[in-house]
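K.L.:
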Ligand SMILES: C[S@@+](CC[C@H](N)C(=O)[O-])C[C@H]1O[C@@H](n2cnc3c(N)ncnc32)[C@H](O)[C@@H]1O
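Numbering (this note's numbering), first residue to last: 4 to 143.
1) Is it true that the stretch 114-124 meets the stretch 80-91, where meeting means three or more beta-carbon pairs spaced less than 8 Å apart?
2) Based on Cα-Cα distance, which residue from 139, 15, 56 and 24 lies nearest to residue 30?
3) Tell me the DSSP secondary structure of residue 7 in three-state form.
4) Give every residue of the same chain whose Cβ lies closer than 7 Å to the Cβ of residue 132, excluding the five residues on either side of it in the sequence, and list them in chain order.
5) Could you tell me whether the Cβ atoms of residue 101 and residue 122 are closer together than 9 Å?
6) Any heavy atom of ligand 1 closer than 8 Å to the beta-carbon of residue 97?
7) Tell me residue 65's beta-bridge partners as DSSP assigns them.
8) With C-beta atoms as the reference, is residue 103 less than 9 Å away from residue 75?
9) Do residue 40 and ligand 1 come close, with the Cβ less than 8 Å from some heavy atom?
Below, the structure written as structure tokens:
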């Protein structure tokens with residue numbers, strides 16, 4: 004399991020939350036690990052492509068209600084999105100308490116994030132991740 008997933012778990016332990024949405028799950032490694040660590044929570048994953056344990060969604064137009072999940076996780080997705088500000092706006096709308104964004108190019112997102120987010124550097128992954136890769140913990 005990649006170390007950044009453990010950082011996500013450790014950060015989630017610092018908050019009170021009961022429901023979490025991951026947008027862009029891929030094969031669902033994060034959801035699997037979160038389920039093991041937080042068995043009594045409501046977890047949902049969605050992705051633009053079809054995966055066995057996810058529903059379909061587009062991060063720029065999420066099919067979920069305002070404040071629908073206590074926490075929203077977006078791991079290695081925004082770097083593929085044109086106009087990431089539209090995606091961030093949607094994630095903010097759906098998240099009630101906590102937003103966790105893991106991304107390779109945080110400088111591209113900074114203008115759309117509050118200035119007081121916690122930033123955890125991702126090191127040792129190589130390439131662009133080492134230059135500008137961070138995990139963002141955004142408390143709404
Ligand atoms: C690099 S994978 C990351 C998967 C997973 N979050 C992880 O950490 O293992 C990026 C994922 O984002 C999804 N994705 C890309 N654009 C998306 C969009 N507009 N809406 C939702 N998911 C998207 C892709 O289909 C892919 O599964």
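For each residue, glycine too, the CB sits at the ideal point set by N, CA and C.
P.N.:
According to the structure shown:
1) yes
2) 56 is the residue among 139, 15, 56 and 24 whose C-alpha sits nearest the C-alpha of residue 30.
3) Looking at residue 7 - three-state DSSP - the assignment turns out to be helix.
4) 107 and 125
5) Against a cut-off of 9 Å, the Cβ pair of residue 122 and residue 101 comes out as no contact.
6) no
7) Residue 65 pairs with nothing; no bridge assigned.
8) yes
9) no
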